[in-house]
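Protein chains: 2
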Amino acid sequence: MGWLHDGHRALMGRARAENATTVVSIFVNPRQFGDPADLARYPRNEAQDVEICEAEGVDVVFAPPVEEVYLPGFDTIVAVGSIARPLEGAARPGHFDGVATVVAVLFNLVGADRAYFGQKDAQQVAVIRRMAIDLATPTEVIACPTIREPDGLAMSSRNVHLTPGERAAAPVLRQALLAAREAWLGGERSGDVLRDRMRAQLAEEPLANVEYVSVADAATLAELDAVDGPALLSLAVRFGSTRLIDNEPLG
Amino acid sequence: MGWLHDGHRALMGRARAENATTVVSIFVNPRQFGDPADLARYPRNEAQDVEICEAEGVDVVFAPPVEEVYLPGFDTIVAVGSIARPLEGAARPGHFDGVATVVAVLFNLVGADRAYFGQKDAQQVAVIRRMAIDLATPTEVIACPTIREPDGLAMSSRNVHLTPGERAAAPVLRQALLAAREAWLGGERSGDVLRDRMRAQLAEEPLANVEYVSVADAATLAELDAVDGPALLSLAVRFGSTRLIDNEPLG
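Chains as they are written, first to last, in this note's numbering: chain A, 8 to 258; chain B, 8 to 258.
The following block contains the structure:
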């Protein structure tokens, strides 16, 4: 969606290393925003994005206008089921239908062998991978590690909206995830205790308004009573009008 | 879906004439049947179908088992909106979601330049074309004329289920369409009058149980009060447990 940062640069670098040609799509997709105000204020700077792509050796920047992605009379939805329902799916109704639909269109328009996505949006990657496997898209979905600021804040185009005070507070997402991870490494297996551990850490930051904390099965994203296999810690937190998410795998 | 007839042969002939390689997919798609009994009794004869394909010079028959089309954990739906809602969409809830989904999968698995569908299933063609345009599939959708028995009955795999008495009665679908078309050619433009004309013709056949008759806008398939542009006459009629459909374009 543009407003490219070091997380995107890492995707470009990996794509370049593994493929003959690298295409970057830049498209702020209106169908994945429930709130028109959120869409309107999503940061954009295409000239700067193109410069970044050039500097990273990208071959093609594909930045179509909305009406070239959604043709007149557009009336198709690609919807993924259970893995799209909890967490971001519950917090943002329709969001993942918009994501799965636009990615299905972009996969057909670009015709890539591989597509690279950041693990920061872990559920998004899971939804897109499910869609790609189910529809047998010729494009393979590849997840890449989250890139972080030195203080641990996950890179996100939305970080630009944070006030200086909120920016200083935002690493608490990472701290909450690490606190729960630490407890898990120490043998804690109760979902409730791990969720409480995240909440306790977030409660120490007055600017943080918690939307959810989650300890979920890594494959299904269903909330866990007990962690007895691969799991995903994740959370969504608001700072003023800016909503941030982050996650950490366990096992 | 197999049980190939002369309508399918015509699709194969057109595909062969326009392309270097012709693939026929044979897949009775469980996701487009609402009624398990209807799925169970859908006619199948793969050996005979393969013989017909060979005789028509088809290069590849693609007849995958269900579990190769729907992989474990399959959980994606491709859904077309307003054009899928009336007529067959109203009579068979979920049917067109099943159709659009399987065709999206088959398009990706086969990777064809063009795909040929029979106009007998006019709404199906419209739904698939909408999906293909919207998702920008590399496969182009081509509609081919309905092929009919000498007495006017549209070729359909379901015709095999008709008893001799029902088979003798079944051309009434075509007769009803032609009666309305005749009225339209004579200047009649009222949707209600044209629908009544079809109903009157069907009422003369005691074995025919009418499910719907329609005079709809050719582009949207919305029912018309007045026919002042391209329209589609269509109907669905049951003979015993066998459901037949047919249609005729106006203008």
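All residues carry an ideal CB built from backbone N, CA and C; glycine is no exception.
Classify residue i as helix, strand or coil using the three-state DSSP reduction.
{"i": "Pro256 of chain A", "result": "strand"}
{"i": "Gly193 of chain A", "result": "coil"}
{"i": "Glu218 of chain B", "result": "strand"}
{"i": "Ile90 of chain B", "result": "helix"}
{"i": "Val65 of chain A", "result": "coil"}
{"i": "Ile149 of chain B", "result": "strand"}
{"i": "Leu201 of chain A", "result": "helix"}
{"i": "Ile84 of chain A", "result": "strand"}
{"i": "Ala177 of chain A", "result": "coil"}
{"i": "Ala223 of chain B", "result": "strand"}
{"i": "Ala119 of chain A", "result": "coil"}
{"i": "Gly125 of chain B", "result": "strand"}
{"i": "Arg206 of chain A", "result": "helix"}
{"i": "Arg51 of chain B", "result": "coil"}
{"i": "Ala186 of chain A", "result": "helix"}
{"i": "Ala97 of chain A", "result": "helix"}
{"i": "Ala139 of chain B", "result": "helix"}
{"i": "Ala161 of chain A", "result": "strand"}
Taking a contact to mean a Cβ-Cβ separation below 8 Å, would you say residue i touches residue j in this structure?
{"i": "Ala86 of chain B", "j": "Ala107 of chain B", "result": "yes"}
{"i": "Leu251 of chain B", "j": "Arg165 of chain B", "result": "yes"}
{"i": "Leu201 of chain A", "j": "Ala183 of chain A", "result": "no"}
{"i": "Arg6 of chain B", "j": "Gly9 of chain B", "result": "Outside the modelled stretch of chain B, which goes from 8 to 258, sits residue 6 of chain B, for which no answer is possible."}
{"i": "Gly159 of chain B", "j": "Leu214 of chain B", "result": "no"}
{"i": "Glu61 of chain A", "j": "Met19 of chain A", "result": "no"}
{"i": "Asp66 of chain B", "j": "Arg181 of chain B", "result": "no"}
{"i": "Val179 of chain B", "j": "Leu142 of chain B", "result": "no"}
{"i": "Ala190 of chain A", "j": "Arg204 of chain A", "result": "yes"}
{"i": "Arg206 of chain A", "j": "Val222 of chain A", "result": "no"}
{"i": "His102 of chain B", "j": "Gln39 of chain B", "result": "yes"}
Report, in whole angstroms, the separation of the C-beta atoms of residue i and residue j, which I expect to be a contact under 8 Å.
{"i": "Phe81 of chain A", "j": "Ser32 of chain A", "result": "In fact, because the Cβ distance is near 18 Å, the residues do not count as touching under 8 Å."}
{"i": "Val167 of chain B", "j": "Pro50 of chain B", "result": "5 Å"}
{"i": "Asp235 of chain A", "j": "Arg196 of chain A", "result": "7 Å"}
{"i": "Ala139 of chain A", "j": "Val148 of chain A", "result": "5 Å"}
{"i": "Gly198 of chain B", "j": "Leu231 of chain B", "result": "4 Å"}
{"i": "Asn26 of chain A", "j": "Arg121 of chain A", "result": "6 Å"}
{"i": "Pro152 of chain B", "j": "Gln126 of chain B", "result": "6 Å"}
{"i": "Ala177 of chain B", "j": "Leu169 of chain B", "result": "6 Å"}
{"i": "Arg21 of chain A", "j": "Tyr123 of chain A", "result": "6 Å"}
{"i": "Ile84 of chain B", "j": "Asp104 of chain B", "result": "5 Å"}
{"i": "Val4 of chain A", "j": "Glu218 of chain A", "result": "In the structure as shown, chain A starts at 8 and stops at 258, and residue 4 of chain A therefore has no counterpart that could be examined."}
{"i": "Ile59 of chain B", "j": "Leu11 of chain B", "result": "5 Å"}
{"i": "Ile154 of chain B", "j": "Gly258 of chain B", "result": "About 22 Å; that fails the 8 Å criterion."}
{"i": "Ala119 of chain B", "j": "Val57 of chain B", "result": "That belief does not hold up - the Cβ atoms of Ala119 of chain B and Val57 of chain B are roughly 19 Å apart, past 8 Å."}
{"i": "Phe293 of chain B", "j": "Pro71 of chain B", "result": "Because chain B is modelled from 8 through 258, residue 293 of chain B falls outside the range shown and cannot be assessed."}
Is any beta-carbon of chain C found at less than 8 Å from that of residue i?
{"i": "Phe81 of chain B", "result": "The structure shown contains no chain C; its protein chains are A and B."}
* Okay, do the segment 57 to 76 of chain B and the segment 106 to 120 of chain B touch, 3+ Cβ pairs below 8 Å being the bar? -> Enough Cβ pairs lie closer than 8 Å, so yes.
* **beta strand (DSSP E) runs wholly inside the segment 225 to 254 of chain B, at least 3 long, in chain order** => Those beta strand (DSSP E) runs which fall completely within the segment 225 to 254 of chain B and span 3+ residues are 238 to 246.
* To do: Just list the beta strand (DSSP E) runs in the segment 9 to 46 of chain B, keeping only unbroken ones of 3 residues or longer that don't cross its boundaries, in chain order.
  => The beta strand (DSSP E) runs lying completely inside the segment 9 to 46 of chain B and spanning 3 residues or more are 30 to 32, given in chain order.
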